[in-house]
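So that you can map any letter, position 439 of the sequence shown is 464 in the numbering used here, and since no number is skipped, the others follow by simple counting.
Yeah, the Cβ is synthetic: ideal placement off N, Cα and C, and Gly gets one too.
Following: one structure in structure tokens, then a few remarks.
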Amino acid sequence: MLHSPEITEATVCITEALMQRPKREPDFQAENRALQILAQHLAGDARSLLKTLATLVIELCHADTVGVSLLETSEQGESIFRWVAIEGTLNYWENGTTPGDFSPCGTTLEAGQPQLYTYPDQYFTYLHDPNYALAEVLLIPLFADQQPLGTIWLVTHDLDRHFDLEDQRILTNLSGFTSAGLANLKARQIAEELSQREQAAKQALNQAANRAIDILENTTDCFVSLDRDWRVTYINQATAKLNNFSLEDIIGKTHWEVWPWSAGTIVEQNYCRAVAIQTPVHFEVLYEPLTMWLKIHAYPSIEGLSIFFRDISDHKQSEANLNQQFAEIEAIYNTAPIGLAVLDRDLRFIRLNSKLAEINGLTVEEHLGRTIHEIVPDLVDEAEPLFRRVLTTGEPLLNLEISGETRAQPGVKRTWIENWFPLRDSTGQVIGINVVVQEITSRKQSESKLSESEERLRMALVAANQGLYDLNVQTGDAIVSPEYAQMLGYDPATFQETNAVWRERLHPDDWEAVSRTYEDYTAGKTSEYRVEFRLRTQSGDWKWILSLGKIVAWDAEGRPLRMLGTHTDIDDRKAAEAEREQLLIREQVAREEAERANRIKDEFLAVLSHELRTPLNPILGWIRLLQTGRLDATRTQQAFTTIERNAQLQTQLIDDLLDVSRILRGKMTLNAVPVNLENVIGAAIETVQLAAEAKSIQIEMALDTIATVLGDPGRLQQVIWNLLTNAVKFTPNHGQVKVQLTATETEAQIQVIDSGKGIDREFLPQVFERFQQEDSSTTRQFGGLGLGLAIARQLIELHGGTIAADSAGEGQGATFTVRLPLVQTPQLIEPPAKDMPASNSLRGLRILVVDDEVDARELVQFILEQEGAIVTCAASAIEAVRILKKTTIDFLISDVGMPDCDGYQLLERIRANGERLPAIALTAYAGELNQARSRRAGFEQHLSKPLDPQALIAAITMCLCAG
26 MLHSPEITEA TVCITEALMQ RPKREPDFQA ENRALQILAQ HLAGDARSLL
76 KTLATLVIEL CHADTVGVSL LETSEQGESI FRWVAIEGTL NYWENGTTPG
126 DFSPCGTTLE AGQPQLYTYP DQYFTYLHDP NYALAEVLLI PLFADQQPLG
176 TIWLVTHDLD RHFDLEDQRI LTNLSGFTSA GLANLKARQI AEELSQREQA
226 AKQALNQAAN RAIDILENTT DCFVSLDRDW RVTYINQATA KLNNFSLEDI
276 IGKTHWEVWP WSAGTIVEQN YCRAVAIQTP VHFEVLYEPL TMWLKIHAYP
326 SIEGLSIFFR DISDHKQSEA NLNQQFAEIE AIYNTAPIGL AVLDRDLRFI
376 RLNSKLAEIN GLTVEEHLGR TIHEIVPDLV DEAEPLFRRV LTTGEPLLNL
426 EISGETRAQP GVKRTWIENW FPLRDSTGQV IGINVVVQEI TSRKQSESKL
476 SESEERLRMA LVAANQGLYD LNVQTGDAIV SPEYAQMLGY DPATFQETNA
526 VWRERLHPDD WEAVSRTYED YTAGKTSEYR VEFRLRTQSG DWKWILSLGK
576 IVAWDAEGRP LRMLGTHTDI DDRKAAEAER EQLLIREQVA REEAERANRI
626 KDEFLAVLSH ELRTPLNPIL GWIRLLQTGR LDATRTQQAF TTIERNAQLQ
676 TQLIDDLLDV SRILRGKMTL NAVPVNLENV IGAAIETVQL AAEAKSIQIE
726 MALDTIATVL GDPGRLQQVI WNLLTNAVKF TPNHGQVKVQ LTATETEAQI
776 QVIDSGKGID REFLPQVFER FQQEDSSTTR QFGGLGLGLA IARQLIELHG
826 GTIAADSAGE GQGATFTVRL PLVQTPQLIE PPAKDMPASN SLRGLRILVV
876 DDEVDARELV QFILEQEGAI VTCAASAIEA VRILKKTTID FLISDVGMPD
926 CDGYQLLERI RANGERLPAI ALTAYAGELN QARSRRAGFE QHLSKPLDPQ
976 ALIAAITMCL CAG
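Have a look at this one:
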């Protein structure tokens, strides 16, 4: 039952309030009219009386709902109240029920007096109605002959309506009519129930009789009914059919007249005994007239004897056959070649055959009644816990391997395979164990020897990294050894091999060779099947396998049936062979590369020798002519111009070599700033303009105004100068060179297009390689080391760009394209100015020149004096220190590489004396390392030889301005 745990029945039961409320004036006239109406309905239908009563009470007590509850017993035997009549707002409750032991009605009957409730659904929650509130409920108990009948109750939904003692009086006065109606209703219900039961009983009796007759007539058993005088009163169809009787011939005759053969037999004896002591009898008898065995059941009664019998001849024959089979089974059991026994729950032998007795070394009789402890004590420790498990769980134990000694062969360890089955009685309880024992001692010895042999074979296979296979050629199924599966990475326990699966694992490139080898072998072209192939392992890798096989069985038509063979893992061997091949290839490639490198080196050295000697020849030639003093002014100027041009060529050769060295060592650095490419291109064109004009080559420019790029302006100018120099060099007189500058959203593009000799398309892939020249022969037309384009590519790639070359072929000209990424924050850097400083820019400057080479020292002195400087020379660092002590010097220019004390050490000594003398280092040792060392030593500038006079004057001026 469900109710609120915070509220009790005492909370909602307010009966005491009736005594405290004022009683309203009675309306006897209305009450009398109601009694008259009820009196008219007393003889009528009880339910109509109760409905009328409820209607009248609503008017008399000004209630919203009035109902009558009848106490009943449910089909489950529990007391309940049924609302048999309801009038008012809750009339849809009619015919509902409430529990007898948990309801206001139950409390009212138990108290035997009226009860008043307010909101009873707070406690009896099943009374809750979502539509109407049970503001107050007044209940009056109903009794008849001191027996509880039920209750009459009224409900108000009005919060301001309160029942009083007048309402209680009216209900009490009318309760007599209610009790009469309920009693009448209950009586009618009882009468109807009794009538229904009687009708049901009669119907059941008739149905039972009919069913009995139907059963007797339809059963295959024979039935005879005898009265107390042994006369036949009824036989069924089966009896008539069995005896070939008609009912008219049998009914009324005595049993002994109908079946005279039974007189004086066991039949008569049993019938008489059954009637005498009124006890059923059951027996079997041979019905001699029909040579038939009958099973008879006779049931006595005060009316006579009922006899059932049936033909059991087949059963008797089956029983005989069963006995024969049992005898045969017994014979088999006792002569079986395996041991058989039955143990009870105490593990005593209650049955066994001679084979088990022989195994245990005792007779059958010596086993019976004795336990396994007494018969096989050596096996008890191992066997008893397992026997107990069968008795406890009722589950059989199969294929148990038991080892030990018995009395039959003392000191000899023997082994048996045993199967134990639970023995159950008719109720399913385990009452013992059936034991089946087969000795396998000889087999175990053979298996041990075989296992040792297999282990030796397995070890040999493992050592040889081999696996065995046994292939059914017709079906494609194969049996393989564990090693076969393991070498492919599979679990031998789950691995299955078939031709189809093997074909899926085979490398596609190996199928043709495998198929051809197998066909040659089966055709008799080869004496054995031997082939190498790759199989996919479980991990997806390929493994090389050497397969050897031999067909060991053929059918009558000469088709192969069975093939035995081995798989050998030759992956390591194949890897070694492949490694040898790779080594051979790498050695060959390395040798070719070395030969190529040597060839390139020889060609490069030859070209280098040529390129270095070529400018030296006019330099030395003109110098010797100048030394004669016989050249006029024009020739003298021509000599100087030629010497300068060829000296610059040598300087460029050396610079290219140094750039390549920096690139190879990863020491090439860029001073990256936003650069205007128009200015860079313009500066590069200026440097080659004279060379182009000398060949009457016109340089066209088509330069778009574009965004800036991030780069080193000097290095970018070097790239463009290199491309223009090549274009002018390889373009014949009166040719054309075009420079274009365009841009996309993200890139700047520079193209140098010439109408020159072009590039062989086979040589295009090598055009940016170091030391590569399309023509490196001694008869080549154009000079150079083949470094310019290689340097250009490296510089452009350092800028994050690309450079490419294209040519339609010989005589078709060439196009070089440079692409550089654009930036969005222009901060333009103009290319360095090439103007010569003004004459006498060093007037009055006292400069100390230190160099151990006289020619170099005098050259520097001459350059400086031409600019108005006062020059003092020193042939060594030691001499320079002495001069500095005696003479005031404003500036120091020192060679780095000098004996005894080099230029770095000289400057360190000067700095150690506290002098802040500006200094420039001169050296033939070019390179970033030497420049860095010069800066660390304290030199403001580092100039490489051969010396450019303009660069020297500019460097001195820069140092002085910075100071």
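inquiry  = If distances are taken between C-alpha atoms only, which option among D126, Q61, A35 and I165 comes closest to V93?
reply    = I165
query = Which residue comes first and which comes last in the alpha helix (DSSP H) that contains H967?
reply = No alpha helix (DSSP H) contains H967, which is instead part of the beta strand (DSSP E) from Q966 to S969.
ask   = Taking all protein chains shown into account, do 16 or more other C-beta atoms lie within 10 angstroms of the C-beta of L263, making it buried, or fewer, making it exposed?
value = The sequence shown places Ala at residue 263, not Leu. The residue is buried, with at least 16 neighbouring Cβ atoms inside 10 Å.
ask   = For G394, which of I375, L347 and T750 has the nearest alpha-carbon?
value = I375
query = What residue does the beta strand (DSSP E) around Q491 start on, and which one ends it?
reply = Q491 to N497
query = Are G869 and L845 close, meaning C-beta to C-beta below 7 Å?
reply = no
request  = Mark C297 as exposed unless 16 or more other C-beta atoms lie within 10 angstroms of its C-beta, in which case mark it buried.
outcome  = exposed
request  = Please go through the segment 334-381 and give each complete alpha helix (DSSP H) segment of 4 or more residues, from N-terminal end onward.
outcome  = 338-360
task = Might you give, ordered along the chain, the residues of its own chain that have their beta carbon closer than 6 Å to the beta carbon of Y259, omitting 5 neighbours on each side?
result = S250
ask   = Is P447 buried or exposed, if buried means 16 or more other CB atoms sit within 10 Å of its CB?
value = buried
message = So C984 and I945 are supposed to be a Cβ contact under 8 Å. How far apart are they, rounded?
response = 7 Å
task = Could you check what DSSP says for L695 in three-state terms: helix, strand or coil?
result = coil
ask   = Whose C-beta lies closer than 8 Å to the C-beta of T388 among residues of the same chain, with five residues either side of it excluded?
value = A382
request  = Flag this pair as touching only if the segment 599-617 and the segment 524-540 have three or more C-beta atom pairs under 8 Å; answer yes or no.
outcome  = no
query = Roughly how many whole angstroms lie between the Cα atoms of I981 and V848?
reply = 35 Å
task = Spatial neighbours of R373 within its chain, please: CB distance less than 7 Å, with the 5 preceding and 5 following residues excluded, ordered by chain position.
result = G394, R395 and T396
ask   = Looking at C-alpha atoms only, which residue of L560, L812 and E553 is the closest neighbour of H532?
value = L560
inquiry  = Tell me whether D737, by its Cβ, gets closer than 6 Å to a heavy atom of the ligand COA.
reply    = In terms of ligand content, the structure shown is empty, and the ligand COA therefore cannot be addressed.
message = Rounding to the nearest angstrom, what Cα-Cα distance links Q765 and I888 in this structure?
response = 40 Å
message = I'd like the span of the beta strand (DSSP E) that includes G457, first residue to last.
response = V455 to E464
inquiry  = Output needed for H28: all residues of its chain with C-beta closer than 6 Å, excluding positions within five of it in sequence on either side, in chain order.
reply    = Since pLDDT at H28 reaches only 49, below the 50 mark, its modelled position is unreliable, and no value is offered.
query = Where does T667 sit, in a helix, a strand or coil, going by DSSP?
reply = helix
N- and C-terminal bounds of the beta strand (DSSP E) containing M588 = P585 to D594
key: Nonlocal neighbours in the same chain, by C-beta distance under 7 Å from T912, ignoring five residues either side   = T897
ask   = Just the Cα atoms here: how many angstroms apart are D403 and E355?
value = 29 Å
ask   = What is the rounded straight-line gap between the Cα of S969 and the Cα of E890?
value = 20 Å
request  = In angstroms with no decimal places, state the Cα-to-Cα distance between R72 and L163.
outcome  = 21 Å
message = Could you check whether W567 and K599 sit closer than 7 Å to each other, using their CB atoms as the reference points?
response = no
query = If we count the other Cβ atoms within 10 Å of its Cβ and call it buried at 16 or more, is L977 buried or exposed?
reply = buried
inquiry  = Short of 6 Å in beta carbon distance, which residues of its chain neighbour I504, apart from the five on each side in sequence? Order them along the chain.
reply    = D495
query = What separation, rounded to the nearest whole angstrom, lies between the Cα atoms of M861 and I872?
reply = Because M861 carries a pLDDT of 42, less than 50, the predicted location of this residue cannot be relied on, and the following value inherits that uncertainty. Each residue's Cα considered, the two are about 20 Å apart.
inquiry  = Taking 7 Å as the threshold (C-beta atoms), are P285 and K303 in contact?
reply    = The residue asked about is misnamed: residue 303 is Gln in this sequence, not Lys. No, the pair does not count as a contact, with Cβ atoms beyond the cut-off.
inquiry  = So the candidates are L513, E557, A962 and T551; which of them puts its Cα closest to the Cα of D534?
reply    = E557
request  = Buried or exposed for T90, please, with buried defined as at least 16 other CB atoms from any protein chain shown within 10 angstroms of its CB.
outcome  = buried
inquiry  = For S540, count the other beta carbons within 10 Å of its own beta carbon; 16 or more makes it buried, fewer makes it exposed. Which is it?
reply    = exposed
key: Identity of the residue in D596, D597, K575 and A581 nearest R587 by Cα   = K575
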